[in-house]
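Trainee: Numbering (the numbering used here), first residue to last: 82 to 290.
Where a beta carbon is used, it is the ideal one built from N, C-alpha and C, also for glycine.
The structure is given below, and queries will be raised subsequently.
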(Lines of atoms letter the chains of each structure in order from A and count residues from 1; the text may use other names and numbers.)
(Lines give C-alpha, C1' and ligand atoms only; values in the text may rest on other atoms or scores of the structure.)
Protein backbone atom coordinates (compact mmCIF):
# COMPACT_ATOMS: atom_id res chain seq x y z
CA UNK A 1 0.00 0.00 0.00
CA UNK A 2 2.88 2.35 0.83
CA UNK A 3 4.39 1.67 -2.58
CA UNK A 4 1.04 2.39 -4.22
CA UNK A 5 0.76 5.76 -2.45
CA UNK A 6 4.35 6.56 -3.36
CA UNK A 7 3.69 5.68 -7.00
CA UNK A 8 0.54 7.82 -7.10
CA UNK A 9 2.42 10.72 -5.49
CA UNK A 10 5.27 10.35 -7.97
CA UNK A 11 2.83 10.34 -10.88
CA UNK A 12 1.11 13.41 -9.46
CA UNK A 13 4.38 15.30 -9.06
CA UNK A 14 5.47 14.31 -12.56
CA UNK A 15 2.16 15.50 -14.01
CA UNK A 16 2.50 18.81 -12.16
CA UNK A 17 6.04 19.31 -13.46
CA UNK A 18 4.98 18.51 -17.01
CA UNK A 19 2.01 20.88 -16.77
CA UNK A 20 4.23 23.62 -15.37
CA UNK A 21 6.79 23.02 -18.11
CA UNK A 22 4.23 23.25 -20.89
CA UNK A 23 2.59 26.27 -19.32
CA UNK A 24 5.95 28.03 -19.19
CA UNK A 25 6.92 27.00 -22.70
CA UNK A 26 3.52 27.92 -24.03
CA UNK A 27 3.62 31.34 -22.38
CA UNK A 28 7.10 32.06 -23.66
CA UNK A 29 6.17 30.68 -27.05
CA UNK A 30 3.35 33.20 -27.34
CA UNK A 31 5.53 36.06 -26.13
CA UNK A 32 7.21 37.90 -29.00
CA UNK A 33 9.59 39.47 -26.48
CA UNK A 34 10.56 36.33 -24.55
CA UNK A 35 14.22 36.54 -25.60
CA UNK A 36 14.42 40.16 -24.38
CA UNK A 37 12.84 39.92 -20.95
CA UNK A 38 14.97 40.29 -17.88
CA UNK A 39 12.13 40.63 -15.37
CA UNK A 40 8.70 39.28 -14.50
CA UNK A 41 5.65 41.29 -13.47
CA UNK A 42 3.14 39.98 -10.96
CA UNK A 43 -0.19 40.02 -12.75
CA UNK A 44 1.44 40.30 -16.18
CA UNK A 45 2.59 43.32 -18.18
CA UNK A 46 -1.02 44.33 -18.77
CA UNK A 47 -1.31 45.25 -15.08
CA UNK A 48 1.06 48.21 -15.52
CA UNK A 49 0.37 51.36 -17.50
CA UNK A 50 -2.77 53.06 -18.72
CA UNK A 51 -4.27 56.41 -19.66
CA UNK A 52 -3.12 59.63 -18.03
CA UNK A 53 -3.35 63.36 -18.58
CA UNK A 54 -0.37 65.54 -17.64
CA UNK A 55 1.23 68.85 -18.63
CA UNK A 56 4.50 69.28 -20.54
CA UNK A 57 7.17 71.97 -20.26
CA UNK A 58 5.28 74.23 -22.66
CA UNK A 59 2.19 74.14 -20.48
CA UNK A 60 0.37 71.91 -22.96
CA UNK A 61 -1.99 69.23 -21.69
CA UNK A 62 -0.93 65.83 -23.00
CA UNK A 63 -2.46 62.38 -22.77
CA UNK A 64 -0.46 59.17 -22.79
CA UNK A 65 -1.27 58.83 -26.51
CA UNK A 66 0.27 62.24 -27.17
CA UNK A 67 3.39 61.36 -25.18
CA UNK A 68 4.16 57.84 -26.38
CA UNK A 69 4.79 58.35 -30.08
CA UNK A 70 7.94 56.19 -30.03
CA UNK A 71 9.60 53.73 -27.65
CA UNK A 72 10.06 55.53 -24.33
CA UNK A 73 12.09 55.13 -21.15
CA UNK A 74 9.76 56.43 -18.45
CA UNK A 75 10.87 57.49 -14.96
CA UNK A 76 8.90 58.93 -12.03
CA UNK A 77 10.97 61.31 -9.90
CA UNK A 78 11.36 64.98 -8.99
CA UNK A 79 13.77 67.76 -9.87
CA UNK A 80 14.72 68.59 -6.25
CA UNK A 81 15.87 65.00 -5.72
CA UNK A 82 19.43 65.25 -4.37
CA UNK A 83 20.95 62.06 -5.76
CA UNK A 84 18.86 59.12 -7.00
CA UNK A 85 16.81 60.89 -9.69
CA UNK A 86 19.73 62.69 -11.38
CA UNK A 87 21.77 59.47 -11.45
CA UNK A 88 18.93 57.33 -12.77
CA UNK A 89 17.89 59.91 -15.36
CA UNK A 90 21.48 60.41 -16.51
CA UNK A 91 21.72 56.63 -16.93
CA UNK A 92 18.57 56.70 -19.06
CA UNK A 93 19.93 59.60 -21.10
CA UNK A 94 23.11 57.63 -21.78
CA UNK A 95 21.00 54.64 -22.83
CA UNK A 96 19.14 56.91 -25.29
CA UNK A 97 22.46 57.94 -26.82
CA UNK A 98 23.51 54.31 -27.18
CA UNK A 99 20.19 53.45 -28.79
CA UNK A 100 20.49 56.39 -31.17
CA UNK A 101 24.01 55.38 -32.15
CA UNK A 102 22.72 51.95 -33.09
CA UNK A 103 19.90 53.38 -35.20
CA UNK A 104 17.03 53.04 -32.73
CA UNK A 105 14.68 55.99 -32.28
CA UNK A 106 13.61 56.33 -28.63
CA UNK A 107 12.86 59.07 -26.11
CA UNK A 108 12.96 59.68 -22.37
CA UNK A 109 9.93 60.68 -20.30
CA UNK A 110 10.38 62.19 -16.84
CA UNK A 111 7.17 62.39 -14.80
CA UNK A 112 7.37 64.50 -11.65
CA UNK A 113 5.84 63.21 -8.44
CA UNK A 114 6.37 66.62 -6.80
CA UNK A 115 3.82 68.90 -8.53
CA UNK A 116 4.03 71.42 -5.69
CA UNK A 117 7.52 72.52 -6.77
CA UNK A 118 7.81 71.06 -10.26
CA UNK A 119 5.91 73.50 -12.44
CA UNK A 120 5.70 72.76 -16.17
CA UNK A 121 8.56 75.17 -16.85
CA UNK A 122 10.79 73.69 -14.15
CA UNK A 123 10.28 70.05 -15.14
CA UNK A 124 10.54 70.90 -18.85
CA UNK A 125 13.88 72.66 -18.43
CA UNK A 126 15.22 69.91 -16.17
CA UNK A 127 14.31 67.13 -18.60
CA UNK A 128 15.69 69.07 -21.56
CA UNK A 129 18.96 69.60 -19.69
CA UNK A 130 19.26 65.86 -19.07
CA UNK A 131 18.66 64.97 -22.72
CA UNK A 132 17.31 66.72 -25.80
CA UNK A 133 15.02 63.74 -26.47
CA UNK A 134 13.49 63.75 -22.99
CA UNK A 135 10.01 65.08 -22.19
CA UNK A 136 9.26 66.51 -18.75
CA UNK A 137 5.73 66.11 -17.41
CA UNK A 138 3.90 67.33 -14.32
CA UNK A 139 0.31 68.18 -13.45
CA UNK A 140 -2.10 68.68 -10.61
CA UNK A 141 -1.70 66.44 -7.55
CA UNK A 142 -4.67 64.43 -8.78
CA UNK A 143 -3.24 64.00 -12.29
CA UNK A 144 0.15 62.94 -10.94
CA UNK A 145 -1.45 60.49 -8.51
CA UNK A 146 -3.48 58.94 -11.33
CA UNK A 147 -0.39 58.44 -13.50
CA UNK A 148 1.48 56.95 -10.55
CA UNK A 149 -1.33 54.51 -9.84
CA UNK A 150 -1.44 53.44 -13.47
CA UNK A 151 2.24 52.51 -13.36
CA UNK A 152 2.08 51.12 -9.84
CA UNK A 153 4.72 53.50 -8.54
CA UNK A 154 5.10 54.72 -4.97
CA UNK A 155 5.85 58.19 -3.62
CA UNK A 156 5.42 59.96 -0.29
CA UNK A 157 6.31 63.53 0.63
CA UNK A 158 8.08 64.02 3.95
CA UNK A 159 5.80 65.97 6.25
CA UNK A 160 7.78 69.10 7.09
CA UNK A 161 7.54 72.87 6.71
CA UNK A 162 11.01 72.93 5.16
CA UNK A 163 10.87 74.09 1.54
CA UNK A 164 13.68 71.65 0.77
CA UNK A 165 11.59 68.63 1.74
CA UNK A 166 12.35 65.20 0.27
CA UNK A 167 10.00 62.77 -1.43
CA UNK A 168 10.38 59.02 -1.08
CA UNK A 169 9.62 57.21 -4.33
CA UNK A 170 10.13 54.04 -6.33
CA UNK A 171 12.97 54.02 -8.84
CA UNK A 172 11.98 51.76 -11.72
CA UNK A 173 12.39 52.83 -15.33
CA UNK A 174 9.66 51.59 -17.67
CA UNK A 175 9.93 50.75 -21.36
CA UNK A 176 6.70 51.81 -23.05
CA UNK A 177 5.73 51.38 -26.72
CA UNK A 178 3.20 53.65 -28.46
CA UNK A 179 1.04 50.78 -29.69
CA UNK A 180 1.54 48.28 -26.88
CA UNK A 181 2.03 50.30 -23.71
CA UNK A 182 4.28 48.94 -20.98
CA UNK A 183 6.53 46.02 -21.97
CA UNK A 184 9.44 45.95 -19.50
CA UNK A 185 11.00 47.62 -16.46
CA UNK A 186 14.60 48.22 -15.42
CA UNK A 187 15.93 48.41 -11.88
CA UNK A 188 18.27 51.21 -10.95
CA UNK A 189 21.27 48.87 -10.75
CA UNK A 190 21.00 48.20 -14.50
CA UNK A 191 23.75 49.96 -16.47
CA UNK A 192 23.13 52.23 -19.44
CA UNK A 193 24.53 49.52 -21.72
CA UNK A 194 22.14 46.94 -20.29
CA UNK A 195 19.12 49.22 -20.57
CA UNK A 196 20.02 50.08 -24.17
CA UNK A 197 20.74 46.46 -25.11
CA UNK A 198 17.47 45.13 -23.72
CA UNK A 199 15.45 48.07 -25.07
CA UNK A 200 16.98 47.50 -28.51
CA UNK A 201 16.01 43.84 -28.29
CA UNK A 202 12.38 44.81 -27.65
CA UNK A 203 12.39 47.38 -30.46
CA UNK A 204 13.85 44.89 -32.94
CA UNK A 205 11.49 42.12 -31.83
CA UNK A 206 8.53 44.47 -32.26
CA UNK A 207 9.69 45.19 -35.79
CA UNK A 208 9.57 41.49 -36.64
CA UNK A 209 5.99 41.00 -35.46
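Round the Cβ separation of residue 253 and residue 263 to the nearest angstrom and send it over; I've been treating them as touching at under 8 Å.
Mentor: Actually they are not in contact, since the Cβ atoms of residue 253 and residue 263 sit about 11 Å apart, beyond 8 Å.
Trainee: Would you give the residue range spanned by the beta strand (DSSP E) that residue 192 belongs to?
Mentor: Start and end: 188-193.
Trainee: Pop quiz: residue 149 and residue 257 are said to be a contact at Cβ under 8 Å. What is the actual Cβ separation, rounded to whole angstroms?
Mentor: Sure, about 5 Å apart at Cβ, within 8 Å.
Trainee: Give me, in chain order, the residues of the same chain whose beta-carbon lies closer than 6 Å to that of residue 108; leave out the 5 immediate sequence neighbours on both sides.
Mentor: At residue 108, the pLDDT of 41 sits below 50, so the modelled position is not reliable and the matter cannot be decided from this model.
Trainee: Please say whether residue 118 and residue 265 have beta carbons closer to each other than 8 Å?
Mentor: Cβ atoms of residue 265 and residue 118: closer than 8 Å.
Trainee: Secondary structure at residue 146, three-state DSSP: helix, strand or coil?
Mentor: Residue 146: helix per DSSP, three-state reduction.
Trainee: So does residue 191 have its beta carbon nearer than 7 Å to some heavy atom of the ligand COA?
Mentor: The ligand COA is absent from the structure shown, which contains no ligands of any kind.
Trainee: Alpha carbons only, please: which of 205, 272, 278, 235 is nearest the one belonging to residue 136?
Mentor: Nearest C-alpha to residue 136: 205.
Trainee: For residue 153, count the other beta carbons within 10 Å of its own beta carbon; 16 or more makes it buried, fewer makes it exposed. Which is it?
Mentor: Label assigned to residue 153: buried.
Trainee: Can you name, in chain order, every residue of its own chain whose Cβ lies under 6 Å from the Cβ of residue 211, other than the five neighbours on each side?
Mentor: 170, 174, listed in sequence order.
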